[in-house]
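J.: Just so we're aligned: 151 in UniProt numbering is position 151 of the sequence shown, and the numbers increase by one with no gaps anywhere. Here it is, the structure in full.
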Amino acid sequence: MARVALVTGGMGGLGEAVCFKLAALGYRVVTTYSPGNKKVDSWLASTKDMGYDFKSYECDVADYDSAQACVAKVEKEVGPIDVLVNNAGITRDMTFKKMDKPNWDAVMSTNLDSVFNMTKPVCDGMVERGWGRIINISSVNASKGAFGQTNYSAAKAGMHGFTKALALEVARKGVTVNTISPGYIGTKMVTEIPKEVLETKIIPQIPMARLGKPEEVAGLVAYLASDEAAFVTGANIAINGGQHMS
Ligand code: NDP
Numbered sequence: 001m002a003r004v005a006l007v008t009g010g011m012g013g014l015g016e017a018v019c020f021k022l023a024a025l026g027y028r029v030v031t032t033y034s035p036g037n038k039k040v041d042s043w044l045a046s047t048k049d050m051g052y053d054f055k056s057y058e059c060d061v062a063d064y065d066s067a068q069a070c071v072a073k074v075e076k077e078v079g080p081i082d083v084l085v086n087n088a089g090i091t092r093d094m095t096f097k098k099m100d101k102p103n104w105d106a107v108m109s110t111n112l113d114s115v116f117n118m119t120k121p122v123c124d125g126m127v128e129r130g131w132g133r134i135i136n137i138s139s140v141n142a143s144k145g146a147f148g149q150t151n152y153s154a155a156k157a158g159m160h161g162f163t164k165a166l167a168l169e170v171a172r173k174g175v176t177v178n179t180i181s182p183g184y185i186g187t188k189m190v191t192e193i194p195k196e197v198l199e200t201k202i203i204p205q206i207p208m209a210r211l212g213k214p215e216e217v218a219g220l221v222a223y224l225a226s227d228e229a230a231f232v233t234g235a236n237i238a239i240n241g242g243q244h245m246s
């Protein structure tokens, strides 16, 4: 039976590429969409036209109860989750002087609490079955810091600690936990940055002088999800065109 992969935020730029890649490798791919997302039906229809058979479930990853309900429904209707990709995330950039509590909380809950919310209902089953992959999508800005991103950098850095601690706890149970830290990837999150800022401030920081491609991150997710990656755990893998080497 094909393995089940749950990708949060699968309709986003990176998430979609991950869904395509895992589906191409034979996983049964399930994704989530935010409550109120009106594009889910057209996305499912367009991916169906492309030959995919994704299922998508409503889930506010920032909300514990919503995450529990989503996972329960996926496991009942599709099957036990073998691979969890915690990919959903948001930015609310502003300098610390302007940073207010709602924008701090929104980024912390969507990017970091979500990892707890989604992993909690999935992890015990992986341990019982003796196989599982938890892949957390962090950011280069977790280890590098970024102007205007105290909230985002803190949340994404929190993922690293979570990854390492949980990796220790499940290391002997066939479950690996890893973080991927992309640099600037050409998705809506980045292409919405004003062109001038991209060209004068961002691209010049990247030794490869280009944005990364979602497919390049998806390839790394696919590797970490594979049997070949069984000895990789607690890692934080950078994919940033040389922008930050730590
Ligand atoms: P997008 O904005 O394209 O996609 C983000 C996805 O997250 C959307 O599908 C969105 O779903 C989902 N999402 C947001 N909030 C929630 C929520 N509360 N509950 C459920 N889903 C939610 O971003 P990217 O594809 O670019 O980014 C994906 C991940 O990669 C993020 O975690 C981001 O921080 C990280 N990243 C991205 C980089 C980049 O350069 N693009 C660089 C480094 C890290 P919906 O549309 O339904 O709201």
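The C-beta atom is built at its ideal place from N, Cα and C for all residues, glycine as well.
(1) Please report the distance separating the alpha-carbon of Gly26 from that of Val122.
(2) Which residues does DSSP pair with Leu84 in a beta bridge?
(3) The alpha helix (DSSP H) spanning Pro182 covers which residue range?
(4) Starting from Tyr57, follow its DSSP beta bridges and name the residues at the other end.
(5) In terms of DSSP beta bridges, what is Ala238 paired with?
(6) Nearest-angstrom Cα distance between Ala171 and Thr233?
(7) Bridge partners of Gly212, per DSSP?
(8) Below 7 Å, is the gap between the Cβ of Asn37 and the nearest heavy atom of ligand 1?
(9) Below 7 Å, is the gap between the Cβ of Cys59 and the nearest heavy atom of ligand 1?
(10) Quick check on the burial criterion: 16 or more other C-beta atoms within 10 angstroms. Buried or exposed for Arg210?
(11) Would you check if the distance between the CB atom of Gly212 and the CB atom of Pro182 is smaller than 8 Å?
(12) Which word fits Ala222, buried or exposed, when buried means at least 16 other C-beta atoms lie within 10 angstroms of its C-beta?
(13) Output the distance between the C-alpha atoms of Arg92 and Gly51, rounded to the nearest integer angstrom.
(14) Kindly confirm or deny that the segment 75-90 and the segment 126-143 touch, where touching means at least three C-beta pairs closer than 8 Å.
(15) Cβ of Val71 within 8 Å of Cβ of Lys55?
T.: On the basis of the supplied data:
(1) Numbered from 1 along the sequence shown, position 26 holds the residue referred to as residue 26. Numbered from 1 along the sequence shown, position 122 holds the residue referred to as residue 122. Looking at the two C-alpha atoms, the distance is approximately 21 Å.
(2) The residue labelled residue 84 in the question sits at position 84 within the sequence shown. Beta-bridge pairing links Leu84 to Leu6, Ile134.
(3) As a working mapping, residue 182 is identified with position 182 in the sequence shown. Not the alpha helix (DSSP H): Pro182 falls in the beta strand (DSSP E), residues 175-182.
(4) One-based indexing of the sequence shown puts residue 57 at position 57. Answer is Thr32, bridged to Tyr57.
(5) Reading the sequence shown from its first residue, position 238 is the one you call residue 238. DSSP output for Ala238 lists Ser181 as bridge partner(s).
(6) The residue you call residue 171 lines up with position 171 of the sequence shown. The residue you call residue 233 lines up with position 233 of the sequence shown. Going from the Cα of Ala171 to the Cα of Thr233 covers about 8 Å.
(7) Mapped onto the sequence shown, residue 212 falls at position 212. Beta-bridge pairing links Gly212 to Ile185.
(8) Reading the sequence shown from its first residue, position 37 is the one you call residue 37. Under cutoff, so the answer is yes.
(9) Position 59 of the sequence shown, counted from the start, is the residue given in the question as residue 59. Indeed, a heavy atom of ligand 1 lies less than 7 Å from the Cβ.
(10) By 1-based counting over the sequence shown, the position of residue 210 is 210. Answer is exposed; the Cβ neighbour count stays below 16.
(11) Counting from one through the sequence shown, the residue named residue 212 turns up at place 212. Counting from one through the sequence shown, the residue named residue 182 turns up at place 182. Yes, they are a contact pair.
(12) Taking the sequence shown and counting its residues from 1, the one referred to as residue 222 is at position 222. That one is buried.
(13) As a first step, residue 92 is located in the sequence shown; it is residue number 92 there, counting from the start. As a first step, residue 51 is located in the sequence shown; it is residue number 51 there, counting from the start. Taking the straight line from one Cα to the other gives about 35 Å.
(14) yes
(15) Position 71 of the sequence shown, counted from the start, is the residue given in the question as residue 71. Position 55 of the sequence shown, counted from the start, is the residue given in the question as residue 55. No, the pair does not count as a contact, with Cβ atoms beyond the cut-off.
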